[in-house]
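Single-structure report; data block below.
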DNA sequence: TTCGCCAGTAGAACAGTGTTCGTTAACGAA
DNA sequence: TTCGTTAACGAACACTGTTCTACTGGCGAA
C-alpha cells in the first residue's frame, strides 16, 4: 500500500490541475488499476514501454478507454512518478541528525527511482507536485531549516538535490536497461574508459592519466559521493552562530 | 564557426562508434548540413521538433536520405549535443583562479544548453563523448586537480556537475517552451506557488510558510546557487596542506 | 570518349505512437 | 420502468523511426 492510498483525504493534496476522479466510476477500470498496470510495465520495460496502447492491452481494453480516467499520457506519467516516490519511507524528523536523515531519505528516493526504470525522466523540467513528492519536500525543508540553513537557501536546495537525484537515477536506469538487453554494462563502461585512455595525451593529459578513476566505483558509491558534496556545500551555508546547535529555532 | 570545425584533425577525437564520414560525398547533403538544419529546428521547436522527417524536409529531401550520413536519430542527437557544447569558449586554465574559471565555464555551458531548447535531455543517461564535451571535461579535470582535489574526487565531480548543469538546463528549457507557446512562465510559477501556499499548514508547515522563497529568484540566480553549493562542497575535499597553494603539483 | 560501377538519393511501406470522434451499453436516480 | 449520464471501445488521423528497393548521376578505368 502506498502513502497516497493510506491518506485519509488525498484529494486535498493533489494539484488542482490533475483531473478530478470522475464521480460514479462503474466498471473495471479506475485510475488506480491503470497506474498499477503502468507501474508493472514501467518496471519491466522502462518509460518507453509505457504507451497508452500497452497499458490498455495490459488491462484487456483499448487505448481510448484510459482517457476517461486520465487526462493524457503526461498526466499518467506524473501519477506514475508520484506512485514511485510513495515507496520512500519517511521517518520522524530529528534536526540533530539532519545530514544523516537527509542522506538516508534521498538515497532511498534514488533507489526507488532506480528500481523503476527511467521514470525519473518524466520529472525533469517540471516541479514535482504529487502528494508523495510534496511530503518528501516538506520533510527535507523541515530538516534544512532545523539545521540552521537560511530559508532561501533551503528552498533552492530542494531543487538542487532533486535535480541531482533524478539525473543520477536516469544514469542508473540506462545501466539496468543495458543489462536487460543482455549487454553487459561493465563492458560498456570498459569501452568508454578505453576510449578515454586512447585519446592523444598531448591534448588530453588529465583525461588520459585519470582513465581508471573515471570509471571506478559502483553506482551507489558515485551517487553517495555527489550527495555528500552537495550536503557539505549546504552545511557551509549555516551561519557560524548556529553551526553547533542544530535543531534550535532562533 | 564551432570548435569542431576549426579542429585540424577532429576525426581522431571522435568516439570510434560514431559512424565514419562516408568517403566521396558528392551532392548537397552532408553530416554538417544535416546537423546545421537540425540545430535550426532545435532552437525553434525543441528536441521533440527534431524528427528525421522534419530535418529532411528542411533540406528538401526525404527521411531515408539522412541515413547515409547518420546512423540513426540517437547519433544525430549526440552530434547535435556536441555541436551546442562547441559554443562554449575555453580559456587558458589558471589553477589559482580555479573556482572562478569552473564557475564561468559551466555557467557558459548551462547557457549554451538553455539557448538550444531541451537538448540537454539527450545527454542524460549517457557519457558525453563528443570532441567538444571531451575538451570541456579535460579543462575541468585539469583545474580540479590543480586545485588540489584528489584524483578520484575530481573524476567523480565531473559527473556531479554535469548532471546538475544538464538537469537545470532542461528546467530552463521548459520555461522557454512555455513562453514560446504564448503562456507566461511567471504565471505558471505563480500557480505553483499558490498551490504550495494552499496546502494544509498542519501537514506542511515548512512548505506553506516558505511559499514565497520557493519561487523566488531568476533562473540564473538559482543555477548559480546550486553550482556554488557544489563547488563549496568540492573545495572542502582539498587536503588541508594544499588548501592555500592552488596550482602546485605535489 | 565511352563504359560500368556504386555511393548517394529518395519513394513507398511497416509497425508503432498519442489522441479524438462517434457509438454503444450499462448503471443510478427518478 | 424509464431516462439521462457516462464509462467503454472500435476506428481513424496524423504522426514517428527505420528499412527496402529502385534509380539516378558523377567519377575512375579502359
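Residue numbers (UniProt numbering), protein chains in the order written: chain A, 1 to 250; chain B, 1 to 250.
No residue lacks a Cβ here, since even glycine has one placed at the ideal position from N, Cα and C.
Do residue i and residue j have their C-beta atoms within less than 8 angstroms of each other?
i: residue 50 of chain B; j: residue 59 of chain B; result: no
i: residue 217 of chain B; j: residue 230 of chain A; result: no
i: residue 75 of chain B; j: residue 112 of chain B; result: no
i: residue 143 of chain A; j: residue 95 of chain A; result: yes
i: residue 215 of chain B; j: residue 189 of chain B; result: yes
i: residue 162 of chain A; j: residue 118 of chain B; result: no
i: residue 160 of chain B; j: residue 182 of chain A; result: no
i: residue 104 of chain B; j: residue 206 of chain A; result: no
i: residue 136 of chain B; j: residue 176 of chain B; result: no
i: residue 167 of chain B; j: residue 167 of chain A; result: yes
Using a Cβ-Cβ cutoff of less than 6 angstroms, which residues in the same chain neighbour residue i once the five nearest sequence positions on both sides are dropped?
i: residue 172 of chain B; result: 114, 219
i: residue 153 of chain B; result: 237
i: residue 122 of chain A; result: 77, 81
i: residue 120 of chain B; result: 113, 166, 169, 170
i: residue 235 of chain A; result: none
Here's a check: name, in chain order, each residue in its chain whose Cβ is nearer than 8 angstroms to the Cβ of residue i, leaving out the five neighbours to either side.
i: residue 82 of chain B; result: 4, 128, 130, 131, 132, 133
i: residue 184 of chain B; result: 178
i: residue 155 of chain B; result: 141
i: residue 23 of chain B; result: Because the pLDDT at residue 23 of chain B is just 41, under 50, the model does not fix this residue reliably, and the value given afterwards should be weighed accordingly. Nothing listed; no residue qualifies.
i: residue 39 of chain B; result: 80, 83, 84, 116
i: residue 228 of chain B; result: 103
i: residue 93 of chain A; result: 101, 139, 142, 143, 146
i: residue 47 of chain A; result: 77, 117, 118, 119, 121, 122
Which residue's Cα is closest to the Cα of residue i: the options?
i: residue 53 of chain B; options: B:169, B:46, B:122, B:63; result: B:63
i: residue 147 of chain B; options: B:98, B:225, B:46; result: B:98
i: residue 73 of chain A; options: A:61, A:56, A:84; result: A:56
i: residue 109 of chain A; options: A:225, A:126, A:165, A:224; result: A:165
i: residue 157 of chain B; options: A:101, A:241, A:223, A:71; result: A:223
i: residue 174 of chain A; options: A:116, A:239, A:107; result: A:116
i: residue 180 of chain A; options: A:39, A:45, A:168; result: A:45
i: residue 256 of chain A; options: A:61, A:37, A:149; result: Shown here, chain A extends from 1 to 250; a query on residue 256 of chain A therefore has no answer.
i: residue 200 of chain B; options: A:120, A:208, A:138; result: A:138
i: residue 208 of chain B; options: A:71, A:107, A:151, A:91; result: A:151
i: residue 66 of chain B; options: B:91, B:47, B:36, B:48; result: B:36
Can you give me the Cβ contacts of residue i inside the same chain, cut-off strictly under 7 angstroms, excluding the 5 residues immediately before and after it?
i: residue 211 of chain B; result: 193, 196, 197
i: residue 69 of chain A; result: 29, 30, 31, 34
i: residue 26 of chain B; result: Low confidence applies here, because residue 26 of chain B scores a pLDDT of 46, under 50, leaving its location unreliable; read the following figure in that light. The answer is none, since no qualifying residue turns up.
i: residue 106 of chain A; result: 161, 165, 227
i: residue 21 of chain A; result: For residue 21 of chain A, the pLDDT reaches just 47, beneath the cut-off of 50, and the residue's location in the model is therefore unreliable, although a value from the coordinates is still provided. Only 31 meet the Cβ criterion.
i: residue 1 of chain B; result: Annotation note: pLDDT 36 at residue 1 of chain B (below 50); position unreliable, coordinate value reported separately. Hits under 7 angstroms: none found.
i: residue 91 of chain B; result: 101
Would you mind reading off the limits of the alpha helix (DSSP H) that contains residue i?
i: residue 139 of chain A; result: 131-146
i: residue 251 of chain A; result: With chain A covering 1 to 250 only, the question about residue 251 of chain A has no answer from this structure.
i: residue 238 of chain B; result: Premise fails: residue 238 of chain B is in no alpha helix (DSSP H) and is neither H nor E.
i: residue 185 of chain A; result: 185-197
i: residue 34 of chain B; result: 31-45
i: residue 81 of chain B; result: 73-85
i: residue 127 of chain B; result: Unbroken run through residue 127 of chain B: none, as it is neither H nor E.
i: residue 118 of chain B; result: No alpha helix (DSSP H) contains residue 118 of chain B, which DSSP labels as neither H nor E.
i: residue 89 of chain A; result: Looking at the DSSP string, residue 89 of chain A is not in any alpha helix (DSSP H), and its letter there is neither H nor E.
i: residue 171 of chain A; result: 151-180
i: residue 53 of chain A; result: 52-58
i: residue 208 of chain A; result: 205-215
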